[in-house]
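Heads up, the sequence shown is in this note's numbering, so the first residue is 50 and it goes up one at a time. Glycine is no exception: its CB is placed at the ideal position from the N, C-alpha and C atoms. All values reported here derive from a predicted model rather than from experimental measurement.
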Amino acid sequence: MEVEISSLSIGGSPRSSGESREHVELLAAATGPLPPIVVHRPTLRVIDGMHRLRAAQLCGRRTIPARFFDGPEGDAFVLSVRLNVAHGLPLSLTDRKSAAEKIIESHPDWSDRLIASTTGLSAKTISELRRRTAPESPCVARIGRDGRVRSINRVSGRTLAYDLMTKDPSLSFRHIARIAGISPETVRDVRKRMYRGESPVPAGRHNRAVPDEPPPIGPADRPAVRRALEQPPAAIVDRLKADPALRLNENGRDLLRLLNIHTIPREDWHKIVDSIPPHCAEIIVQLARGCAQGWRECATRLERKMSKTT
Numbered sequence: 050m051e052v053e054i055s056s057l058s059i060g061g062s063p064r065s066s067g068e069s070r071e072h073v074e075l076l077a078a079a080t081g082p083l084p085p086i087v088v089h090r091p092t093l094r095v096i097d098g099m100h101r102l103r104a105a106q107l108c109g110r111r112t113i114p115a116r117f118f119d120g121p122e123g124d125a126f127v128l129s130v131r132l133n134v135a136h137g138l139p140l141s142l143t144d145r146k147s148a149a150e151k152i153i154e155s156h157p158d159w160s161d162r163l164i165a166s167t168t169g170l171s172a173k174t175i176s177e178l179r180r181r182t183a184p185e186s187p188c189v190a191r192i193g194r195d196g197r198v199r200s201i202n203r204v205s206g207r208t209l210a211y212d213l214m215t216k217d218p219s220l221s222f223r224h225i226a227r228i229a230g231i232s233p234e235t236v237r238d239v240r241k242r243m244y245r246g247e248s249p250v251p252a253g254r255h256n257r258a259v260p261d262e263p264p265p266i267g268p269a270d271r272p273a274v275r276r277a278l279e280q281p282p283a284a285i286v287d288r289l290k291a292d293p294a295l296r297l298n299e300n301g302r303d304l305l306r307l308l309n310i311h312t313i314p315r316e317d318w319h320k321i322v323d324s325i326p327p328h329c330a331e332i333i334v335q336l337a338r339g340c341a342q343g344w345r346e347c348a349t350r351l352e353r354k355m356s357k358t359t
């Protein structure tokens, strides 16, 4: 949609040196349409597209095509950094480090690798920045690139799980895992050790830090994927919603909304079908089959994409 340029706010950019006049003039001379800018709806701050905005002003335009982002300001800044790293005029190394420090402050529960993938820096650099800017972080667990929460230290996660089970034995493994930042399988092991009267932390693991996060799931990790798919569809979608790579991407958010709708329990589908009036049935049948065909094509394209990367 078109928005009034005069209504937009231009503060908070990760680009400390401002816009490049040469790049603005190059965009102003472009003959084809430029991609829409991205605007934070609550504040009308430009998240991505300052050079396009300046080019539109240079051409004397009063409006500019825009897409809106509705999340909190911290996530808006993260999206701004991610987009500026991915395309357009690259951010300088100084700007990327400055942005990383700001993200460490606003998202202390993000892993080094997750922040690194957002800022275009190495995980080692993020770790060094974290030690320098936030040496005493209160977080006991961090969110990885895959959206999973992992304990920073096995000792603290296992000990917290033990304390929770001691206080309330009725708590589910999954609930304890979320609070302690460890896997349900680790919670199960702590429970077994508790019943045997053993320490929740196996011998040799004391004061041993957990890696920031394991490598991304690959072909060798098929069993882990199969275990994840054994959960109810709604639980799988909830896990995907925690993945920043999806929720900070417009296409990803569209996918999550579709999955959230299409993974409702089977009994709910039965209720929907039973409530459809006869005069609408034929057209809904055709629409439903079209949607199913769309998902089949999506699955086929994803499988082809996966086969090319393995």
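DSSP, reduced to helix, strand and coil, places residue 58 within a strand of the structure shown.
Along the length of the segment 79-115, whole beta strand (DSSP E) runs at least 3 residues long occupy 86-89 and 94-97, reported in chain order.
In this structure, 66 is the residue among 66, 155 and 102 with its C-alpha nearest to the C-alpha of residue 144. In the structure shown, residue 286 adopts helical secondary structure according to DSSP, grouped into three states.
The alpha-carbon of residue 120 is positioned some 21 Å away from that of residue 113. Following the DSSP letters along the chain, one finds residue 250 in no alpha helix (DSSP H), marked with neither H nor E. In the three-state reduction of the DSSP assignment, residue 299 falls in the helix class, which pools H, G and I.
With a contact defined as Cβ atoms closer than 8 Å, residue 138 and residue 69 qualify at about 6 Å. Taking C-alpha positions only, residue 309 is separated from residue 337 by approximately 16 Å. The criterion of a C-beta distance shorter than 7 Å is not satisfied by residue 131 and residue 182. In terms of Cβ geometry, residue 133 and residue 142 do not form a close pair [threshold 7 Å]. In the displayed model, residue 68 falls within coil according to three-state DSSP, outside both helix and strand.
Pairing residue 118 with residue 95 gives a Cβ-Cβ distance that is not under 7 Å. Note: residue 159 is bridge-paired with 192 in the DSSP secondary-structure output.
Leaving aside the five residues that flank residue 100 on each side, the residues in its chain whose CB is nearer than 8 Å to its CB run, in chain order, 68, 69, 72, 73, 76, 137 and 138.
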